[in-house]
Structure formats: structure tokens, C-alpha cells
Amino acid sequence: MSKITTELLLERAVPKSTRLRKIETLNLSKLQLKTGDLDPRLFSRLRHLQKLDLSDNLLDKFPNSLTLPDLRVLNCNNNQLEDVTALKQFPLLEELNYENNVYLTLNDDYKVMFLLQNLRLLNGKDITKLANHIRRVNSRKLTSKVTAHWKEFFRDQLPEKYTAEQVKSIKKKFLKSVQTNVVYGPSSLSEFTRWRVKMIAEEFLACSLGLEINTDTETEENMDENEEESAESSKEAADEVAKVTVTPRKRKRNRSKSHFGRKRSKSQAKTKKETEDISAEPLHFLQCHSKGNSREDFKTQLWSCVFEPLLNCPPRKDPVVSCSRTVATCGGESVCLIDCETGVVLKKYKVATEEFFSVAWTTLPMVISDNRKKSHNILAAAGRRGIVKLIHVAADFCYGEIKAHKKPIATVCFSPTRETHLFTASYDKRIALWDIGIPDCDYNFKASQLLVLECLSVPLRIALVPTCPEQYLLAGCEEGCFTWNIKLEKEEKSRPFEVTFKFPDEEGEMSTSHRVDGLAFLNDDVVVSKSSKPGCIYLWSWSRSFDTKGKGNQRTVSAVILAELEWSTTDLSYLTLSTCPAKLYVFCGDEKGSVWIYHLSNYTTAWSSAKGKHSDKKIPPTQILKWPELRANGEHLSEVYINNVITDPTFTYLVALTSVNITAIWKKS
């Protein structure tokens with residue numbers, strides 16, 4: 001039986017009333033109401049209701065026919081709403097509040113601003129100007145893109161005389177294609193854009209071909225959420241960064257696009273046929289990790305960055321389409337989410353007593369209501385305090401923490417095959433494997449430690465072997481490079497290393513004593529590792545090196561080196577490297593603010609051969625991206641170290657983290 005009765009409505013009216021049709025203000029907050037309790041037949045009698053408070057209930061959506069023709073103010077804070085499109089039934093709505101509905105995102109804000117033409121205040125903020133932009137400018141540009149897509153790809157597919165079946169088929173193909181290919185605005189609004197594009201495309205077809213318009217604007221259940229809205233509020237975060245954005249000085253002979261490049265010696269020069277020209281446009285130089293938001297802070301070190309996976313693409317199957325243009329960065333007391341195209345800081349999370357060293361993404365199937373599950377991206381962040389923070393990005397909410405180690409955590413990474421399995425590498429000389437669990441709708445979760453890997457020195461970088469990620473983990477440490485067997489079927493919960501690898505020292509002798517501060521896989525077999533030996537980046541074969549362990553079960557083996565990369569001669573440590581496996585690139589920053597880029601696609605075929613031998617000739621960088629001349633507060637920024645550099649899987653954006661609190665973003669042409 002419904003909790004809502006005529007007597008309850010009369011009792012909760014403000015002021016109390018004797019007739020439903022006289023009620024103008026109604027307070028139904030804190031009644032544990034669910035969607036099924038909102039009886040359209042009963043609500044249809046509230047014909048003069050103007051203000052309705054449904055806050056602090058359990059609503060997951062609105063019925064489509066509540067029939068409140070005069071409703072002007074609606075409060076549904078602190079519910080479990082998953083969709084807002086049913087609010088279009090209240091066309092006179094002027095004020096709307098739905099804060100603390102954790103499944104609603106920035107995309108939903110844009111939807112209600114489009115659907116409710118009279119809306120002035122959303123969650124207490126005046127949205128008049130933005131709403132007008134969404135309804136006019138945004139709609140105009142999307143309409144133009146949709147029309148152009150039809151003319152270029154579909155108009156000629158339809159014969160002059162067409163059947164209903166032909167129209168139905170081309171409509172289906174067009175709607176699918178246009179939602180995939182028409183892109184506009186930041187990736188954080190991709191769900192809203194697809195929603196509008198579908199709507200515009202159906203209207204276009206209706207006008208052009210006389211088809212019926214689908215007026216159901218509800219979000220498809222399988223549509224992904226790409227959800228970012230600043231934890232400090234989008235506007236506050238954007239304004240904060242805008243005040244401290246460092247702008248590049250104009251350089252002589254620098255056109256709209258700058259090129260990665262440097263002068264080569266004759267011995268390194270390539271023929272025109274071999275030369276690869278990688279051009280890029282410097283988009284943003286952001287100072288968004290400042291301590292206390294100080295624009296004078298050019299000392300905070302930035303350490304780790306990783307691109308967010310897209311929710312509508314299985315991230316393990318096709319890495320080229322499995323990331324958005326949103327990158328998570330960390331350093332100092334904060335973790336930031338940045339839209340690489342616009343430079344907008346979408347979210348910012350701070351812990352005043354922390355210094356963050358590492359971040360990692362995973363995607364969890366979280367229960368939302370009625371035991372239904374929906375995929376959400378979770379960000380793990382860790383650092384000096386030895387604590388892992390778990391952040392539900394869509395909800396702007398750090399829902400839990402794991403006290404993983406008593407000393408700082410150097411790096412973290414998730415298993416590519418088990419989404420709840422998290423590895424943490426710490427200065428306590430241990431690497432721990434955790435099952436972080438899946439939080440329920442109240443964010444209750446249970447984390448458990450599954451494994452501890454004992455190290456002889458501090459682990460700095462870790463990587464799971466792509467061909468057997470549930471069996472072997474590779475780690476670069478302060479005093480060597482090691483492999484552990486991480487198979488959970490084995491009984492031992494605490495394990496020593498299985499193999500340590502030897503590399504040439506400065507005298508050319510094979511040695512296990514070296515600091516490995518850069519480690520990544522270029523493909524399923526080729527490992528790229530950086531040693532503290534000046535200018536030393538090796539490419540070596542995992543399988544051939546590990547296989548030399550042989551039947552004798554040797555614990556020390558020589559790495560089968562395939563090649564060595566020419567790099568800086570600095571002996572400065574902790575300038576880490578990264579790879580782009582889908583495009584076969586290696587990236588590494590140096591002590592002068594430059595990014596060294598190596599495109600190795602021409603070498604991998606030879607390396608895959610068992611007869612491939614290590615050449616004594618180092619592979620030079622394809623090109624070097626030089627640090628631009630930057631001025632901050634009127635002074636030139638010098639002594640810039642590139643601590644970390646990564647790209648998205650398609651090598652569209654390149655992000656470099658520096659020692660001077662600058663996040664630099666380039667876009668490849």
C-alpha cells in the first residue's frame with residue numbers, strides 16, 4: 001500500500017489544507033518514499049501545486065505522468081535519482097535542486113537545462129546564461145554537424161524512390177553512426193552530446209523523410225556515463241586554475257603548430273624517406289596542484305598521471321578506443337582530473353596532510369538500485385601516508401580508504417583482468433596485492449590483503465606481464481629489477497622474488513646492482529627499463545630473459561637486451577618513462593624540460609625473431625619535444641625536470657608532469 005494518502009497530503013501541505021486542489025506548497029521530505037509511492041492519480045489532483053519538497057527520500061526516478069501543471073519549485077536533494085529526463089513534464093519549473101544524488105552527473109545538468117525552458121536556478125546557482133547557450137549555440141552547432149554527416153555519408157545511399165524498409169534501415173545506420181562520430185565539447189559531456197545528437201538526428205529525418213520522431217528522451221540504459229563535475233564545483237575549479245595558468249611566451253618563428261624536433265649530428269641524420277615529423281600544438285600549461293592554491297607555488301612536484309577509461313568500451317580489449325581525453329594527475333596535496341582539450345580542471349580532490357605519488361583507474365560494476373548494476377570509474381590515489389584513497393568520480397566522493405602500508409606508497413596499479421585487484425608498492429620494501437571489493441549503494445565495502453611480495457630494496461615501478469598478468473609481476477627497484485610469481489592458487493601469502501635480472505654496468509659487466517626507475521612494456525614481450533646509469537634505457541625480451549632461468553631454477557639471469565635508446569647523459573633519478581603500445585612509442589622526459597620520443601615500429605619485427613641480436617648502436621630519438629619559454633609572474637621558468645610523461649592510447653594528447661608544479665599538455669597534429 002502506498003505511503004501517500006489524501007490525508008497525508010493535506011497534513012503535509014504548507015499551510016495545512018482541507019482540499020488537495022488548494023495546496024500550493026507541499027513538504028514530503030524524509031518519508032522514505034520510493035518511486036512507486038508517487039501515485040499519478042493522486043498527484044493529478046494537486047492542480048495548483050507550485051512548490052514541492054521531495055528531499056531525503058529513496059526516489060530513483062520520476063513517474064512520467066505526475067501532472068503538476070503549475071509546479072515552479074522542486075527539491076529532490078538526497079535521493080537516488082539516476083535520470084532527469086522525466087522532469088520535462090514540468091515545463092514551468094523555475095527552481096530545481098537535486099544535490100547529493102550520486103548517480104547524476106554534469107550530463108544530467110545539461111539535459112535539464114535544455115529540457116526546462118523556464119529554469120533559472122539549478123542547485124542554487126543561476127544558470128540562465130549557460131542554459132541559453134545550451135539551447136541555442138550548442139544546438140545550432142550540433143544541428144550543423146548532424147546535417148553535414150548526413151550529406152557526406154548517407155544522402156547518396158537513399159534512392160529517389162525508396163521503400164519503408166530502406167528508410168528504416170538507413171535510419172538505424174544513420175542514428176548509430178551520427179552518435180558515434182559527431183563530437184562536440186569536452187569529453188565530460190559526451191553522454192549529453194550523444195543524447196542531443198540522437199534527438200536532432202531524429203528531428204532531421206522527420207523533416208527530410210517524413211519519419212516519426214521518437215519523443216522518448218530518456219537515457220538508454222546501456223549508454224555509458226562519462227562523468228566529471230568538479231568536486232569543488234566546476235566553476236570554482238576552473239576559475240581557480242584560470243588564475244594561475246602559465247602562458248607560453250611567443251617564440252620567434254613559432255607558428256600555430258610547434259614541432260617536436262632538434263638538430264641532429266651528421267651521424268644521426270636520417271634520409272628524407274626515414275624522417276618522421278611529429279608536429280604538435282601546445283594546448284595548456286596548468287598550475288593546478290598548488291599548495292593552498294597559491295599562484296607563487298612553483299616547487300610542488302608532480303608525479304603520476306593516467307588517462308581515464310571510457311565506460312562504453314571494454315578497456316582490456318581495444319586500448320586504442322578505451323580512453324577518454326580526461327587525465328588524472330597527482331602531486332602535492334591534490335589529485336586533479338583535467339580535460340586535455342579544453343584545459344578545464346573537471347575535479348579536484350585534496351588532503352591537506354598528504355603528498356600524492358601515484359594514481360590508477362579501474363571500472364567497477366556498482367549496484368545502483370533493485371539489484372541492477374552500472375559501471376562506474378573508480379580512481380585510487382596514494383602517497384606519503386601509505387593510505388590508498390578510493391574515489392567514486394561520478395559522485396565527487398571519496399568513499400573509502402585502505403591503510404595499506406606504514407611507509408609511503410611509491411606506485412599503484414590495477415590488474416587488467418581482475419578489476420578489484422590493486423597492487424601497492426611501498427617504501428617498506430613490500431608490494432601488496434589487495435582486493436578492494438565492490439561498494440554497495442551505501443558505499444559499504446570490504447578490502448582484504450591477498451598477497452605480500454618481499455623486496456630487497458624499495459620498489460619504484462611495477463608492471464604486470466601482459467601475456468600472464470595473473471601469474472607474474474615485474475618491478476623496478478632501488479637496487480635491481482625483479483619478478484615475482486603472483487598466482488593466487490599458491491599457498492604462500494608472503495613471497496620472495498623469483499628472478500632478478502642483470503644488466504650491463506658502466507664497465508660493460510653484467511650486474512644486478514642498479515636503480516631501475518622506469519619500467520613499462522612496449523608490447524606483449526618487449527620491456528623498456530631505465531637505469532640510473534647515465535643515459536641508459538634498455539629494451540629487452542621478457543620471455544627470452546625469463547626462459548633462461550631454465551630447469552636449474554636460477555634466481556639470477558641476464559636480461560636478453562634487444563636495443564638501447566639514446567637518451568640524456570644525466571644521472572638524475574626518478575625521471576620515469578612510459579610507452580604507447582598501440583602505436584609502439586616510448587617517451588621519457590629529461591632534466592632540461594624536454595620529452596624524448598622514440599617510434600619503434602620499424603624495429604619490432606626483427607626483435608620478435610629469436611635470432612635478433614643486440615646492436616651496439618643506440619637508437620636515437622625520433623624527435624625531441626623541447627620545453628617552451630614560459631614566464632610566470634614575469635619571470636622565466638628554468639630548471640624544469642620532466643618527472644613523468646604519458647599519452648592516451650591513440651597518441652592524440654601528450655601530458656608531461658614537471659618539478660615546477662606545471663602540467664603541460666600538447667595535442668598531436
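Number 64 in full-length UniProt numbering belongs to position 64 of the sequence shown; there are no gaps in the numbering.
Virtual Cβ for every residue (Gly too), placed ideally from N, Cα, C.
Just so we're clear, the structure is a prediction, and the values are computed from it rather than from any experiment.
| query | result |
| --- | --- |
| Is the Cβ-Cβ distance between I402 and A425 less than 8 Å? | no |
| Measure from the alpha carbon of V527 to the alpha carbon of each residue in S543, S65, D70, then state which is nearest. | S543 |
| Could you pull out every residue in the same chain whose Cβ sits closer than 6 Å to the Cβ of K173, ignoring the five residues on either side in sequence? | none |
| Is A606 helix, strand or coil when you go by DSSP? | helix |
| Could you say which of L310, T622, G589, K618 lies nearest to S601 if we only look at CA atoms? | T622 |
| If we count the other Cβ atoms within 10 Å of its Cβ and call it buried at 16 or more, is T271 buried or exposed? | With a pLDDT of 36 at T271, under the threshold of 50, the modelled position of this residue cannot be trusted, and the question is left open. |
| Rounded to whole angstroms, what is the Cα-Cα separation between V306 and V359? | 7 Å |
| Assuming the contact rule is C-beta atoms closer than 8 Å, S415 and P469 should be a hit. Round their C-beta distance to whole Å, please. | 6 Å |
| Determine contact between the region 348-355 and the region 378-388, defined as no fewer than three beta-carbon pairs at a distance below 8 Å. | yes |
| Are three or more beta carbon pairs between the region 23-38 and the region 1-10 nearer than 8 Å? | yes |
| For R372, does the three-state DSSP call read helix, strand or coil? | strand |
| From the DSSP output, in three-state form, read off I642 for me. | strand |
| Just to confirm before moving on: does the CB-CB distance between L142 and V182 stay below 8 Å? | yes |
| Which stretch, first to last residue, makes up the alpha helix (DSSP H) that contains N107? | 106-115 |
| Can you name, in chain order, every residue of its own chain whose Cβ lies under 6 Å from the Cβ of N79, other than the five neighbours on each side? | N57, L59, N101 |
| Comparing C-alpha positions only, which one of F285, E95, L81 sits nearest to W666? | F285 |
| Put V178 into one of helix, strand or coil per three-state DSSP. | helix |
| Is the beta carbon of P40 sitting closer than 8 Å to the one on P63? | yes |
| Taking just the CA atoms, how far does H405 sit from P439? | 22 Å |
| Kindly list the residues whose CB is nearer than 6 Å to the CB of A664, restricted to its own chain and excluding five residues on each side of it in sequence; keep chain order. | F285, A656 |
| Taking C-beta to C-beta, are N77 and Y103 nearer than 8 Å? | no |
| Just the Cα atoms here: how many angstroms apart are K111 and T512? | 59 Å |
| Measuring CA to CA, which of D53, L42, W150, L474 is closest to K30? | D53 |
| When you compare the CB positions of residue 672 and W303, do they come within less than 8 Å of one another, or not? | Residue 672 lies beyond the range of the chain shown here (1 to 669); nothing can be said about it. |
| Going along the chain, which unbroken runs of the beta strand (DSSP E) with 3 or more residues stay wholly within the region 286-359? | 302-309, 323-331, 334-339, 345-350 |
| With contact counted as at least three CB pairs below 8 Å, one residue from each stretch, are the region 534-542 and the region 487-495 in contact? | no |
| Going by beta carbon distance, what residues of the same chain come within less than 6 Å of P459, once the five residues before and after it are set aside? | A425, I431, A475, C477 |
| Return the residue from the list D83, E82, V84, E95 that minimises the CA-CA distance to D70. | E95 |
| Looking at the unbroken beta strand (DSSP E) that takes in I200, where does it start and where does it end? | Run containing I200: none in the beta strand (DSSP E); it sits in the alpha helix (DSSP H), 190-209. |
| According to DSSP, which residues form a beta bridge with W567? | Looking at the DSSP assignment, W567 forms no beta bridge with any residue, so it has no partner. |
| Is the distance from the Cβ of L625 to the Cβ of I646 below 8 Å? | no |
| How many angstroms separate the CA atom of R120 from the CA atom of D126? | 6 Å |
| Cβ of P534 within 7 Å of any heavy atom in the ligand NAD? | Absent from the structure shown: the ligand NAD. Ligands present: none. |
| Hey, how far is the Cα of S448 from the Cα of E82? | 30 Å |
| Taking the runs of the beta strand (DSSP E) that are 3 residues or longer, which of them lie wholly in the region 485-565? | 499-504, 516-521, 526-531, 536-541, 556-558, 560-565 |
| Return helix, strand or coil for N97, following the three-state DSSP convention. | strand |
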